[in-house]
Amino acid sequence: MSANSESYDWVATGDLVLPERIVENGSIAVADGRIAAIFEAGERPAARQARDYSGRLIVPGLVDTHVHAGSFLEEGIGRTTRAAAAGGVTTIVDMPFDKGAPVMGAERLEAKIATVREEAVVDVGLYGSMPKVDGVGALDELVERGVCAFKFSLYEYDPDRFPRIPDGDLLAAFEKLAPTGVPIVLHNELQEVVEYRLDRLLGTSDESDPYAHGRSRPPVSETAASVKALDFAYWAGARLHLAHCTHPHTFRLIEWYQQLGADVSGETCAHYLALSERDVGDLGPLAKVNPPIRDEDAREALWRLLREGAIATVSTDHAPWPLESKQTSMLAASAGVPGLETFLASVFTEAVARDFPLPELLGYLTWRPAELFGLGDRKGRLEPGLDADLVVFDAREPHTFRAADSQTNAHWSPFDGREFRGRVEATYVRGELVFDGGRVVAEPGTGAWLARALTAS
Ligand SMILES: [Zn+2]
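Residue numbers for the sequence shown, in numbering that gives the first Met the number 0: 0 to 456.
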């Protein structure tokens, strides 16, 4: 055995998806939890262990920067990160709106970090937020402790847990955070527009019409809210990333502000790329999300914008509501869908149908979100020196997704019974197998808490 063979813990062979290209039949070497080297086809490095994934894709672990682990008492960090592992997601950035204890100060952040260290099976970065009134003073201590981003809302779901921040406080927060470079992620819907429309739909025969939800939250309620946030970011010089954008008009507004020099961007979600209003018509409350899934034209426009580079990141907005909360009228049902387990397979399937180049596609699910959230020094690429977060995706045969097999307590999905063009065969976090294609095999606590890099911009 040569000295070289001692230097790698293991080597995996397969089709490696790098940011710029695919290395067919290449090899990736792992040592001490990190990627040690990448080899072209024909090069066969020696190692203590060889893992043959010939014919399968080996992609960087996905980085999902929009996850709700704590909005549901039935889920939490443990279950949510298990779902992530099963979906090929090796890093989540979790939202701050935890039931009973939103992350709005250092004490709560420290408690949540402790929970991550006890329960997580993939790596976890965290958001902070602030209370509705006079919260700006507590932002600094969250920045210092390494939150990846802040989440604020223009729409109120709950005055304590998920408040709408008044304009004065919101602008002050933008100004406070501007010099830190930490991104502000904003929920962009105009509350009065939605409430006015809901008032006229609730209690009528339209209440159970699957399309009524879309009518209650028309594109303008998203795009006009986005304008306000973009203008705040422009004047304050803050780093703004608009959450869950559904409509091409939002991305055109972002582009316009970018041309003015504003440091702004937007995400869309897997369900806006994989579903359209027609699916909402078929699935009803099971496809209810905020903002709503739009028509076929909007969906295809999002795919074109993704190709143009106008969309910065794709996320899941994972929200595994208990099934009972969906078994009611369209307008009364909870808004949100579980998404971690179907993230890679659903977006991959839709991309293949549109001849979308795979390295480019994966960028929106891996290195781009990692860099935006201050994790790019460790996450998001198959590159020597970075964490060995690898996902083996078998696209040789179609695979039917069954929500009954879900790691969440929800056991439902808008994608239940859908045939995808492949499946996750294995997920590795820092070199350790956490999902073997059937079961989550990692112990709670395998996942680490991730602080935002100090040098990130
Ligand atoms: Zn969300």
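Yeah, the Cβ is synthetic: ideal placement off N, Cα and C, and Gly gets one too.
- Counting along the chain, the unbroken beta strand (DSSP E) around Lys-150 starts and ends at 148-152.
- In the three-state reduction of the DSSP assignment, Gly-375 falls in the coil class, being assigned neither a helical nor a strand state.
- Between Gly-446 and Asp-198, the CB-CB gap reaches or exceeds 7 Å.
- Taking 6 Å as the cut-off, the C-beta of Asp-63 does not count as close to any heavy atom of ligand 1.
- Taking 6 Å as the cut-off, one finds no heavy atom of ligand 1 near enough to the beta carbon of Asp-157.
- In the structure shown, the three-state DSSP call for Leu-61 is strand.
- Taking a 10 Å sphere around the C-beta of Asp-97, we find 16 or more other C-beta atoms and assign the residue as buried.
- Ranked by Cα distance from Ala-332, the options Gly-338, Phe-342, Pro-321 and Arg-293 are led by Pro-321.
- Taking a 10 Å sphere around the C-beta of Ala-369, we find 16 or more other C-beta atoms and assign the residue as buried.
- For the 7 Å CB-CB criterion, Thr-365 and Val-92 do not form a contact.
- For the 7 Å CB-CB criterion, Val-16 and Leu-357 form a contact.
- Assignment of Ala-235 by DSSP, reduced to helix, strand and coil, places it in the helix class.
- Within the region 361-424, the beta strand (DSSP E) runs of at least 3 residues that lie entirely inside it are, in chain order, 389-393.
- By the neighbour-count definition (other C-beta atoms within 10 Å, threshold 16), Trp-411 is a buried residue.
- Here Glu-19 is exposed. Its C-beta has fewer than 16 other C-beta atoms within 10 Å.
- In its chain, beyond the 5 residues on either side, Pro-95, Val-102, Leu-141, Val-146 and Phe-149 have a beta carbon closer than 6 Å to the beta carbon of Gly-127.
- If the five residues before and after Ser-220 are omitted, its C-beta is found closer than 6 Å to the C-beta atoms of Glu-188, Leu-189, Val-192 and Val-193, all from its own chain and listed in chain order.
- Inter-segment contact for the region 388-395 and the region 71-82 is absent: fewer than three beta-carbon pairs are separated by less than 8 Å.
- Remark: three or more beta-carbon pairs, one from each stretch, lie closer than 8 Å, so the region 416-434 and the region 371-388 are flagged as touching.
- Exclusion of the five residues before and after Asp-376 leaves Ala-452 as the residues of its chain whose Cβ lies within less than 6 Å of its Cβ.
- Assignment of Leu-141 by DSSP, reduced to helix, strand and coil, places it in the helix class.
- Only exposed fits Ser-53, as fewer than 16 other CB atoms lie within 10 angstroms of its CB.
- In the displayed model, Trp-320 falls within coil according to three-state DSSP, outside both helix and strand.
- The DSSP assignment places complete beta strand (DSSP E) segments of no fewer than 3 residues inside the region 27-73 at 33-38, 49-59 and 61-66, in order along the chain.
- By the Cβ rule, the region 288-296 does not count as touching the region 231-241, because fewer than three pairs are nearer than 8 Å.
- Nearest neighbour of Arg-55 by Cα position, chosen from Ala-394, Val-351, Arg-401 and Val-439, turns out to be Ala-394.
- Judged by DSSP in its simplified three-state form, Ala-171 adopts helix.
- When the Cα atoms are used, Ala-261 and Ile-76 turn out to be separated by approximately 34 Å.
- With respect to the C-alpha of Pro-218, the residue from Arg-438, Ala-228, Cys-244 and Tyr-233 having the closest C-alpha is Cys-244.
- DSSP, read as helix, strand or coil, puts Glu-442 in coil.
- If you look at Glu-194, you'll find it in the alpha helix (DSSP H) that goes 190-200.
- A direct Cα-to-Cα measurement between Val-22 and Phe-250 gives close to 33 Å.
- For the pair Glu-109 and Gly-444, the CB atoms are not nearer than the 7 Å cut-off.
- Spatial neighbours of Leu-274 in its own chain (CB-CB distance under 7 Å, excluding positions within 5 residues in sequence) are listed in chain order as Ala-286, Ile-292 and Pro-413.
- When DSSP states are grouped into helix, strand and coil, Asp-166 belongs to the helix group.
- Residue pairing for Ile-21: DSSP places it in a beta bridge opposite Val-16.
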